[in-house]
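Below is one structure, written out as structure tokens, with a few remarks after it.
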Amino acid sequence: MAAVRRWPRKLAVLAAALPGAGSQGRAAAPGPAVLPAPGPTEEPAPEPVPGTAAPATAALYVHWPYCRKRCSYCNFNTYVVRALDEAAVRACLVREAQTLLRLSQVHSVTSVFFGGGTPSLAGPGTVAAVLEAVAGAAHLAAAAEVTLEANPSSASISRLAGFRAAGVNRLSIGVQSLDDSELRMLGREHTAAEARQAVEAARGLFPGRTSMDLLFGLPGQSRDAWAQRLEAALGLCDDHISLYQLTLERGTALAAQVRGGALPEPPQDLLADMYETARNVLVATGFRHYEVSNFARKGALSTHNLSYWRADEYIGVGPAMCPVNAVVPLPAAAGAHGRFVLRGEGGCSREARVQTLEPVTWMREVQSHGHGTRSRVVLNPLEQLEELLTLGLRTDEGITHECWGHFSPQFSLQDVFGEPGEARALQQSGWLVLDSGGLRCTWAGLAVLDSLLPDLLWQLQRALGAARCPPRDKEGQDARAVSGHDGQ
Ligand code: SF4
Numbered sequence: 034m035a036a037v038r039r040w041p042r043k044l045a046v047l048a049a050a051l052p053g054a055g056s057q058g059r060a061a062a063p064g065p066a067v068l069p070a071p072g073p074t075e076e077p078a079p080e081p082v083p084g085t086a087a088p089a090t091a092a093l094y095v096h097w098p099y100c101r102k103r104c105s106y107c108n109f110n111t112y113v114v115r116a117l118d119e120a121a122v123r124a125c126l127v128r129e130a131q132t133l134l135r136l137s138q139v140h141s142v143t144s145v146f147f148g149g150g151t152p153s154l155a156g157p158g159t160v161a162a163v164l165e166a167v168a169g170a171a172h173l174a175a176a177a178e179v180t181l182e183a184n185p186s187s188a189s190i191s192r193l194a195g196f197r198a199a200g201v202n203r204l205s206i207g208v209q210s211l212d213d214s215e216l217r218m219l220g221r222e223h224t225a226a227e228a229r230q231a232v233e234a235a236r237g238l239f240p241g242r243t244s245m246d247l248l249f250g251l252p253g254q255s256r257d258a259w260a261q262r263l264e265a266a267l268g269l270c271d272d273h274i275s276l277y278q279l280t281l282e283r284g285t286a287l288a289a290q291v292r293g294g295a296l297p298e299p300p301q302d303l304l305a306d307m308y309e310t311a312r313n314v315l316v317a318t319g320f321r322h323y324e325v326s327n328f329a330r331k332g333a334l335s336t337h338n339l340s341y342w343r344a345d346e347y348i349g350v351g352p353a354m355c356p357v358n359a360v361v362p363l364p365a366a367a368g369a370h371g372r373f374v375l376r377g378e379g380g381c382s383r384e385a386r387v388q389t390l391e392p393v394t395w396m397r398e399v400q401s402h403g404h405g406t407r408s409r410v411v412l413n414p415l416e417q418l419e420e421l422l423t424l425g426l427r428t429d430e431g432i433t434h435e436c437w438g439h440f441s442p443q444f445s446l447q448d449v450f451g452e453p454g455e456a457r458a459l460q461q462s463g464w465l466v467l468d469s470g471g472l473r474c475t476w477a478g479l480a481v482l483d484s485l486l487p488d489l490l491w492q493l494q495r496a497l498g499a500a501r502c503p504p505r506d507k508e509g510q511d512a513r514a515v516s517g518h519d520g521q
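Heads up: the sequence shown begins at 34 in the working numbering, then just goes up one per residue.
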């Protein structure tokens, strides 16, 4: 889900881009589309490379791009369709998951996340079919976290029970607010009472594994109103809460109302105050603030999302707007994305792989080639470290020496950030810590991470040298981006 603060675009997009992040804060990717050159056949499985036979693990994200209606604040590329051929979508999700697992040679899937869109609109049979395909192509432990995002309007007890029977063991419910007037302003389909029913039903079926999303910083929302929403949420919630500051995205109905003066724009100091209030209240009630937007108690952290923040490998299946866009410019019309090593190609190149955006086109490509990959870009060492820095510092554990060493065997955290420079100044100001545990934000620093990152990235770039920047073609685009269908 979303970045809590306003970041420079590149960082905001990266932070908000993760699969499984909700639609808040998502933005279209910059850069040109790299159109696929359709290949004649589905590519064969790569031959194992000697010396790279270590079993690979990855998290797997599955995107369901459909919603019943568009919320007023959502600029995500969701699709509202009258008649959906769910069997065809299911077949494509299954086939693409099988193909990408085969290409990545991932042996073990550590977690699965069904995000959207509104994946609770999919039938439990679709969820079951995808999970069966994953379990058939790789090891999927019985205890692996399998999360489904659900909207209260499609989360009846019987439906949730169907998802549980299909293999889902964790729910993330898009409550957003427990006030009917706020829900109307947001264009949500559900009422506060329906949200309560959905959370209660979910807690009964998924005890200890029900998360709820809440938005703050709504136009006209006062400090007191937010405190009341938070109190109501605490009375309802399970052991995981995600809090997102509402982003007024260009092109949305809500942003137009604010721009036209029909609704007030929340002042920045009020937003900061709301965030600070929330984290203090949640921590006082036993939650761990383990990531900028996420809180858990009793160890109920989202292991799937942690795999993004720890820069583990992940595979993205399905069509969606690409929110990311990370450090590497990726095609504008791009969908679910992944970061994994193509072991069949030599075993050491971490790729940014993006799937096609538009569902009908994506389905056509999957039917023809086994997958709808629109673009593949091999990340250079600097780009990998930029991602690790930007994502890892979002967590309270930060970036451990071990994790950093995995991506940077030559330059330790101490080499890069221990010398006099920006990071040292941030440590002396109390925003950052570099010690035997690694590099992480202090409590105060986590709240202003967006303002720390530019300095840290600059120091990283200086330390590693600009010479490692990717080559550009004559239009200034990343010359390494290749079509997903020209090979793999
Ligand atoms: S439910 Fe609303 S906010 Fe979520 S993806 Fe659909 S339209 Fe966007």
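Cβ atoms here follow ideal geometry from the backbone N, Cα and C, with glycine treated the same way.
| Along the chain, which unbroken stretches of the beta strand (DSSP E) at least 3 residues long are found entirely within the stretch 190-250? | 203-209, 243-249
| task | Would you tell me roughly how many angstroms separate the C-alpha atoms of D519 and V145, rounded to the nearest one? | result | On the sequence shown, position 486 is the one that residue 519 refers to. On the sequence shown, position 112 is the one that residue 145 refers to. Low confidence applies here, because D519 scores a pLDDT of 40, under 50, leaving its location unreliable; read the following figure in that light. Straight-line Cα distance between these residues: approximately 28 Å.
| Do Y10 and A317 have their C-beta atoms within less than 7 Å of each other? | The chain is shown from 34 up to 521; residue 10 falls before or after that span and cannot be answered.
| query | Does the Cβ of C107 lie closer than 6 Å to at least one heavy atom of ligand 1? | reply | Taking the first residue of the sequence shown as position 1, residue 107 is located at position 74. Checking the Cβ of C107 against ligand 1 gives yes.
| query | Is any beta-carbon of chain D found at less than 7 Å from that of G498? | reply | Absent from the structure is chain D; it holds one protein chain and no more.
| request: Would you kindly check if the distance between the Cβ of F147 and the Cβ of V95 is under 7 Å? | output: Residue numbering aside, residue 95 sits at position 62 when the sequence shown is read from its first letter. Residue numbering aside, residue 147 sits at position 114 when the sequence shown is read from its first letter. Yes, Cβ-Cβ distance for V95 and F147 is below 7 Å.
| task | Could you round the C-beta distance between D272 and G237 to whole angstroms and report it? I think they count as a contact, below 8 Å. | result | On the sequence shown, residue 272 is found 239 positions in, with the first residue counted as 1. On the sequence shown, residue 237 is found 204 positions in, with the first residue counted as 1. Their Cβ separation, rounded to whole angstroms, is 14 Å, which puts D272 and G237 out of contact at 8 Å.
| query | Nearest-angstrom Cα distance between L173 and L134? | reply | Within the sequence shown, residue 173 is the residue found at index 140, counting from 1. Within the sequence shown, residue 134 is the residue found at index 101, counting from 1. One C-alpha to the other measures close to 12 Å.
| Taking one C-beta from the stretch 162-178 and one from the stretch 99-117 each time, how about it: are there three or more such pairs within less than 8 Å? | By the Cβ test, the stretch 162-178 is not in contact with the stretch 99-117, since fewer than three Cβ pairs between them sit closer than 8 Å.
| field | C474 - partner residues in DSSP beta bridges | value | Locating residue 474 in the sequence shown gives position 441, counting from the first residue. In DSSP, C474 forms a bridge with L465.
| query | So is G470 buried or exposed if we call it buried at 16+ other beta carbons inside 10 Å? | reply | As a position in the sequence shown, residue 470 is number 437, starting the count at 1. Exposed, because fewer than 16 other Cβ atoms sit within 10 Å of the Cβ of G470.
| request: Output the distance between the C-alpha atoms of T74 and Q388, rounded to the nearest integer angstrom. | output: As a first step, residue 74 is located in the sequence shown; it is residue number 41 there, counting from the start. As a first step, residue 388 is located in the sequence shown; it is residue number 355 there, counting from the start. Residue placement at T74 is poorly supported in this model, since its pLDDT is 36, which falls under 50; the coordinates still yield a value, given next. Distance between the alpha carbons of T74 and Q388 is about 18 Å.
| Helix, strand or coil: how does DSSP classify F328 here? | Start at 1 with the first residue of the sequence shown, and residue 328 comes out as number 295. Here DSSP, grouped into helix, strand and coil, assigns F328 to strand.
| query | What is the rounded straight-line gap between the Cα of E309 and the Cα of L315? | reply | On the sequence shown, position 276 is the one that residue 309 refers to. On the sequence shown, position 282 is the one that residue 315 refers to. So the alpha carbons of these two residues sit roughly 10 Å apart.
| CB contact flag (L472, G438, <7 Å) | Taking the sequence shown and counting its residues from 1, one reaches residue 472 at position 439. Taking the sequence shown and counting its residues from 1, one reaches residue 438 at position 405. Cβ atoms of L472 and G438: not closer than 7 Å.
| query | Do the stretch 415-428 and the stretch 474-489 make contact, defined as three or more Cβ pairs closer than 8 Å? | reply | yes
| message | The alpha helix (DSSP H) that contains R409, what's its start and end? | response | To locate residue 409, count along the sequence shown from 1; it is residue 376. Note, R409: premise wrong, no alpha helix (DSSP H); beta strand (DSSP E) at 406-411.
| query | Just to check, is the beta-carbon of G111 closer than 6 Å to a non-hydrogen atom of ligand 1? | reply | As a working note, residue 111 is residue 78 in the sequence shown. A quick correction: the sequence has Thr, not Gly, at residue 111. Because some heavy atom of ligand 1 lies under 6 Å away, the Cβ of T111 counts as near it: yes.
| In three-state DSSP terms, what is T159? | The residue given as residue 159 occupies position 126 in the sequence shown. If DSSP states are grouped into helix, strand and coil, T159 belongs with the helices.
| DSSP three-state call for T428: helix, strand or coil? | One-based indexing of the sequence shown puts residue 428 at position 395. Strand.
| query | So is the beta-carbon of C104 under 6 Å away from any non-hydrogen atom of ligand 1? | reply | Here the question's residue 104 lines up with position 71 in the sequence shown. Yes, Cβ of C104 sits closer than 6 Å to a heavy atom of ligand 1.
| request: May I ask whether a heavy atom of ligand 1 can be found less than 6 Å away from the beta carbon of C100? | output: Taking the first residue of the sequence shown as 1, we reach residue 100 at position 67. For ligand 1, at least one heavy atom lies less than 6 Å from the Cβ of C100.
| What distance in whole Å lies between the Cβ atoms of T143 and S445, which are believed to be in contact at a cut-off of 8 Å? | For the purposes of this step, residue 445 is taken as residue 412 along the sequence shown, with counting starting at 1. For the purposes of this step, residue 143 is taken as residue 110 along the sequence shown, with counting starting at 1. Between S445 and T143 a beta carbon distance of about 27 Å is seen, past the 8 Å cut, so the two are scored as non-contacting.
| Among Q230, L219, A199, R217, nearest to I206 - alpha-carbon criterion | One-based indexing of the sequence shown puts residue 206 at position 173. Of Q230, L219, A199, R217, the residue nearest in Cα terms is Q230.
| Skipping 5 residues on each side, what residues in its chain have a beta carbon closer than 8 Å to that of P71? | One-based indexing of the sequence shown puts residue 71 at position 38. The predicted model places P71 with a pLDDT of 31, which falls under 50 and marks its position as unreliable; any figure quoted below should be read in that light. Once the five neighbours on either side are set aside, the close Cβ partners of P71 are E398, S401, H402, H518.
| field | Endpoints, alpha helix (DSSP H) assigned at S401 | value | Working through the sequence shown from its first residue, we reach residue 401 at position 368. Where S401 is concerned, the enclosing alpha helix (DSSP H) stretches over 392-402.
| field | CA-to-CA distance, G169 to S105, given in whole angstroms | value | Taking the sequence shown and counting its residues from 1, the one referred to as residue 105 is at position 72. Taking the sequence shown and counting its residues from 1, the one referred to as residue 169 is at position 136. Whole-angstrom Cα-Cα distance: 40 Å.
| Every unbroken beta strand (DSSP E) inside the stretch 282-327 [3 residues or more] | Runs found: 321-324.
| message | Tell me whether T151, by its Cβ, gets closer than 6 Å to a heavy atom of ligand 1. | response | Working through the sequence shown from its first residue, we reach residue 151 at position 118. With a cut-off of 6 Å, the C-beta of T151 is classified as near ligand 1, since at least one heavy atom of the ligand falls inside that distance.
| request: Specify the secondary structure class of A344 as computed by DSSP and reduced to three states. | output: Taking the sequence shown and counting its residues from 1, one reaches residue 344 at position 311. A344: coil per DSSP, three-state reduction.
| said: Can you tell me where the alpha helix (DSSP H) holding G132 begins and where it ends? | reply: By 1-based counting over the sequence shown, the position of residue 132 is 99. Rather than Gly, the amino acid found at residue 132 in this sequence is Thr. Start and end: 119-137.
| message | Rounded to the nearest angstrom, what separates N338 and P453 at their Cα positions? | response | Your numbering for residue 338 matches position 305 in the sequence shown. Your numbering for residue 453 matches position 420 in the sequence shown. Cα to Cα, N338 sits roughly 33 Å from P453.
| request: Tell me, to the nearest whole angstrom, how far the beta carbon of L12 is from that of C474; I am working on the premise that it is less than 8 Å. | output: The first residue shown for the chain is 34 and the last is 521, placing residue 12 beyond what the model contains.
| request: Would you kindly report the start and end of the unbroken alpha helix (DSSP H) that includes E435? | output: Indexing the sequence shown from 1 puts residue 435 at position 402. Under the DSSP assignment, E435 falls in the alpha helix (DSSP H) whose first and last residues are 434-440.
| query | Out of curiosity, what's the CA-to-CA distance linking M396 and Y347? | reply | Counted from its first residue, the sequence shown places residue 396 at position 363. Counted from its first residue, the sequence shown places residue 347 at position 314. Counting only the Cα atoms, Y347 lies some 21 Å from M396.
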